[in-house]
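Following our numbering, the numbering of the sequence shown begins with 83 at its first residue and continues without gaps. Data first, discussion second: the structure below is written as structure tokens.
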Amino acid sequence: MTGSTPRSIDDLLRQAPMDAPRAERHLWLIELLAWVRQGDPVTGVQYVLRHLDDQPQARERVVSLLAVSLDDLHLSSLLADHGFAPRAALLSELGERLRGRLLPASPDTRDLSTLFGLLFDVRTDHVWVEALEEDTLTRLGALLGQAWQCADASGGWRPVFMSALSILASQVRAAGLSRELRLRMGDGPEVAQAFGQLARAAEDMHDLIDAGDQVAVLQQAQYLRALLDRCVQLAEGVHDHLEAYGVSVDVVFQIDQLRARCQRMEQVLDCLLSPEPHREMRALVLALIQQGQARRSVRALFTRQYSLLARLVAERSAETGEHYITRTRSEYVDMLRRAAGGGLVIVGTTFAKFFLLALGLSAFWSGFAAGTNYALSFVLIHLLHWTVATKQPAMTAPAMAAKLRDTHDEAGVEGFVDEVAHLIRSQMAGIIGNLAVVAPVVLLIQGLAWWVLGRPLIDEAKAGSVLDHLTLWGPSLFFAAFTGVLLFISSLIAGWVENWFVWHRLDSALQWHPRIRVVLGPTRAARWSLWWRENISGLAANVSLGFLLGLTPALAGFFGLPLDVRHVTLSTGQIAAALGTLGLPALHDAHFWWCVAAIPLTGLLNVGVSFVLALRVAVRSRGVRVKDRARLARALGRRLLRQPLSFLLPPKAVATKHLPPGSQGDGPSSS
């Protein structure tokens, strides 16, 4: 543009800078399309074409400008590269997208892909491009055809398209035969044949089009399309391997890129085969605009790549979550027993926390020590097959999401209501079992300390600080909700670690690695392999949760954020310890009872927030659409009115029609 004042379209067309430098020519094209968008873009395009038909001199200048630009630009980059990642790695593509969003692009470029992004508004231009009529497309084609004739290019646009077809075929071949995809497609002769012949088939298509043999061209096009379909099928088959043997987001990204390049080859091939490819060209331009828009989105990049990982994490969590849902009286009693055992360990965790605080460590090392304390306690609970109630929701939510698929009829709805009752009852059993042991055992230990040592295990200043921090009149409820988020994050970490373990086949390595078999022996190596495969998720969940609870407040404090955690079982233990120090007079202090009042709300927020977040991920990852929410809510309301105790107490007998396979009998053996 020559100035800040917009020019009229007549002046703009009459002053087309056909002899100007590259940057000014491209700025003129950008200004022309900006004028077209000012009103109705379709009417604007039609006006420009009519004006050029009525003004031969203006048309000659515009055609000359287009011809010079066609000679100067790298045209194949638009067809072969636009919308695709330069490197088949997710993090590299993230950097490219952030750079594209934050840094401006220069019009002084020979890359038509870069210029295309400056010419078209990827958010809106696909609407009016799709609305262009047949007559308008024909006249646009005539204008561009005239420019190709004036350009120093033999054969017009077709050689450029054929070159792009060959480049795309080479890229698909390289991706399909890469180690990451080839080994997961079977590495058989069919894979090598399908991808290996693709580039050769594209070159043969090039030769046949040059020779002008239409019958042979159509036969070759049919063969090339069959190869493309087979390549896409083979690549899509990798998803089955990923679901069975672990997910890699880079591999998912490569599959998406391969499929998109195959679709681009189909579109380029349609243009080459059509005698008057106006509609095919429009479809190609629309695809280029839409893929350009998709490549600008950081969210779209992660939505697709992580959906399969989220699904796998949710499904594995659902399998684990089945262990936390009690459906029979024996399972309910077993949950109480295991929760009581978990509460007993938390007693030791509570006093260890007071001891570590008394050491007066710096903020980070104090948080690290607290995290180690929590992690060791949670791992011990896991290894003893006991449980902590707040771990359950993030695991049981995916199991509940799996039941939503069966709610299309009344029987399915009733089955879902049964599962909700089982889940709430299980959560109550876990919390009751934890708290019923933590509070009295902490008080008992404090009483023994008074009797043996003549003083409690924590002093009055620390006890008063506990009551000041855990009172309902403060940020305790916000911290409890935040702790629910940490509980949810630990479940995601557990799923990711398990996926990483499976993806790298570490269980197989533990069993069959020669050096490990020499050290452990074949039988013990097999047992260790099975043990780690069964426990890697639980260990990751417990260790990550422990350090999240311990380190998050310390790291938040470094940045000046007043964040803390409120875990219902740990808070109950601390309040009981404070009571054991302050004695019976504390029972007459309203401050103490406000702390007690915060306990059930803390438990509700711990459980509710982690459950809702986990359920949301599970539902989204499974693609579940709950259309009958009102029907489910009514069914839950009826059950609550008619059988309220079913949400609290286990049934005397349970109908087997709603039980999943393997759910009958005694309670689960792992937490």
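Where a beta carbon is used, it is the ideal one built from N, C-alpha and C, also for glycine.
Ranges of the alpha helix (DSSP H) found wholly within the region 659-729, counting only runs of at least 4: 672-704 and 711-724
Whether residue 651 touches residue 471 by CB criterion (8 Å): Start at 1 with the first residue of the sequence shown, and residue 651 comes out as number 569. Start at 1 with the first residue of the sequence shown, and residue 471 comes out as number 389. Contact: yes.
Residues bridged to residue 416 (per DSSP): For the purposes of this step, residue 416 is identified with residue 334 of the sequence shown, where counting begins at 1. Answer is none; residue 416 lacks a bridge partner.
Proximity to residue 149 [Cα-Cα], best of 125, 108 and 182: The residue given as residue 149 occupies position 67 in the sequence shown. Minimum Cα distance to residue 149 is reached at 108.
Whole-angstrom distance between residue 414 and residue 748, CA atom to CA atom: To locate residue 748, count along the sequence shown from 1; it is residue 666. To locate residue 414, count along the sequence shown from 1; it is residue 332. Its pLDDT being 36, under 50, residue 748 is placed unreliably by the model, and the measurement read from it follows with that caveat. If you take the alpha carbons of residue 748 and residue 414, they lie about 9 Å apart.
Sub-8 Å separation of residue 525 and residue 658 beta-carbons: For this step, residue 525 is matched to residue 443 along the sequence shown. For this step, residue 658 is matched to residue 576 along the sequence shown. Contact: yes.
Reduced DSSP secondary structure (H/G/I, E/B, other) of residue 736: As a working mapping, residue 736 is identified with position 654 in the sequence shown. Low confidence applies here, because residue 736 scores a pLDDT of 46, under 50, leaving its location unreliable; read the following figure in that light. If DSSP states are grouped into helix, strand and coil, residue 736 belongs with coil.
Proximity below 8 Å, CB of residue 201 to CB of residue 291: Counted from its first residue, the sequence shown places residue 201 at position 119. Counted from its first residue, the sequence shown places residue 291 at position 209. Not a contact, by the Cβ cut-off of 8 Å.
Straight-line Cα distance separating residue 214 from residue 638: By one-based count along the sequence shown, residue 638 stands at place 556. By one-based count along the sequence shown, residue 214 stands at place 132. Residue 638 and residue 214: Cα-Cα distance of roughly 56 Å.
Neighbourhood of residue 96 by C-beta, 6 Å cutoff - its chain only, sequence neighbours within 5 removed: By one-based count along the sequence shown, residue 96 stands at place 14. Correct list, in chain order: 140.
Residue 182 versus 167, 190 and 533, residue with shortest Cα-Cα distance: For the purposes of this step, residue 182 is identified with residue 100 of the sequence shown, where counting begins at 1. Minimum Cα distance to residue 182 is reached at 167.
Rounded separation between residue 586 and residue 268 - CA only: Locating residue 586 in the sequence shown gives position 504, where the first residue counts as 1. Locating residue 268 in the sequence shown gives position 186, where the first residue counts as 1. Going by the C-alpha atoms only, they are around 17 Å apart.
Under the three-state DSSP convention, the category residue 108 falls into: What you label residue 108 is simply residue 26 of the sequence shown in a count that begins at 1. DSSP places residue 108 in helix when its eight states are reduced to three.
Per DSSP, the bridge partner or partners of residue 156: In the sequence shown, counting from the first residue as 1, residue 156 sits at position 74. Looking at the DSSP assignment, residue 156 forms a beta bridge with 193.
From 244, 230 and 245, residue whose alpha carbon lies closest to that of residue 758: With the chain running from 83 to 753 in the structure shown, residue 758 is simply not present.
Residue 175, buried or exposed, once every other Cβ within 10 Å from all chains shown has been counted against 16: Locating residue 175 in the sequence shown gives position 93, counting from the first residue. The residue in question, residue 175, is buried, as its Cβ has 16 or more Cβ neighbours within 10 Å.
Among 561, 590, 583 and 692, nearest to residue 635 - alpha-carbon criterion: Within the sequence shown, residue 635 is the residue found at index 553, counting from 1. That would be 561, whose Cα lies nearest to the Cα of residue 635.
Beta-carbon contacts of residue 626 that lie in its chain and below 6 Å, excluding the five residues immediately before and after: Translated into the one-based positions of the sequence shown, residue 626 becomes position 544. 572 and 575.
Beta-carbon contacts of residue 462 that lie in its chain and below 6 Å, excluding the five residues immediately before and after: For the purposes of this step, residue 462 is identified with residue 380 of the sequence shown, where counting begins at 1. These residues qualify, in order along the chain: 427.
Inter-stretch contact (C-beta, 8 Å, three-pair minimum) for the region 663-677 and the region 545-563: yes
Sufficient close CB pairs (3 or more, under 8 Å) joining the region 315-335 to the region 291-301: no
Residue 349 versus residue 343: straight-line alpha-carbon distance, rounded: Residue numbering aside, residue 349 sits at position 267 when the sequence shown is read from its first letter. Residue numbering aside, residue 343 sits at position 261 when the sequence shown is read from its first letter. About 10 Å.
Closest residue to residue 378 among 179, 360 and 282 (Cα-Cα distance): Residue numbering aside, residue 378 sits at position 296 when the sequence shown is read from its first letter. The residue with the shortest Cα to Cα distance from residue 378 is 179.
Cα-Cα separation between residue 304 and residue 243, rounded to whole angstroms: Residue 304 sits at position 222 when you count from the first residue of the sequence shown. Residue 243 sits at position 161 when you count from the first residue of the sequence shown. Roughly 18 Å separates the two Cα atoms.
Residue 667 to residue 502 span [Cα, whole Å]: Numbered from 1 along the sequence shown, position 585 holds the residue referred to as residue 667. Numbered from 1 along the sequence shown, position 420 holds the residue referred to as residue 502. One C-alpha to the other measures close to 42 Å.
Three CB pairs or more closer than 8 Å across the region 271-285 and the region 248-255: yes
Nearest-angstrom Cα separation, counted from residue 453 out to residue 726: Taking the first residue of the sequence shown as 1, we reach residue 726 at position 644. Taking the first residue of the sequence shown as 1, we reach residue 453 at position 371. Cα-Cα distance, rounded: 39 Å.
As assigned by DSSP and simplified to three states, the class of residue 347: In the sequence shown, the residue the question calls residue 347 occupies position 265. Correct three-state label for residue 347: helix.
Helix, strand or coil at residue 555 [DSSP, three-state]: Walking along the sequence shown from the start, residue 555 turns up at place 473. Reduced to three states, the DSSP call for residue 555 is coil.
Minimum C-alpha distance to residue 691 - residue among 734, 563 and 337: By one-based count along the sequence shown, residue 691 stands at place 609. Per the Cα distances, 563.
Residue 497 in three-state terms, based on DSSP: Position 415 of the sequence shown holds residue 497. Residue 497: helix per DSSP, three-state reduction.
Residue of 127, 410, 335 and 153 minimising C-alpha distance to residue 734: Here residue 734 corresponds to residue number 652 of the sequence shown, with the count starting at 1. Residue 410 is the option with its Cα nearest to residue 734.
Distance CB(residue 163)-CB(residue 195) smaller than 8 Å: To locate residue 163, count along the sequence shown from 1; it is residue 81. To locate residue 195, count along the sequence shown from 1; it is residue 113. Contact: yes.
Residue 469 - DSSP class collapsed to helix/strand/coil: In the sequence shown, residue 469 corresponds to position 387, counting from 1. Reduced to three states, the DSSP call for residue 469 is coil.
Rounded straight-line distance, which links the Cα of residue 258 to that of residue 444: The count along the sequence shown starts at 1 and reaches residue 444 at position 362. The count along the sequence shown starts at 1 and reaches residue 258 at position 176. Approximately 53 Å, taken between the alpha carbons.
Separation of residue 621 from residue 455, as counted between CA atoms: Numbered from its first residue, the sequence shown carries residue 455 at position 373. Numbered from its first residue, the sequence shown carries residue 621 at position 539. Near 14 Å, if we compare the C-alpha coordinates of residue 621 and residue 455.
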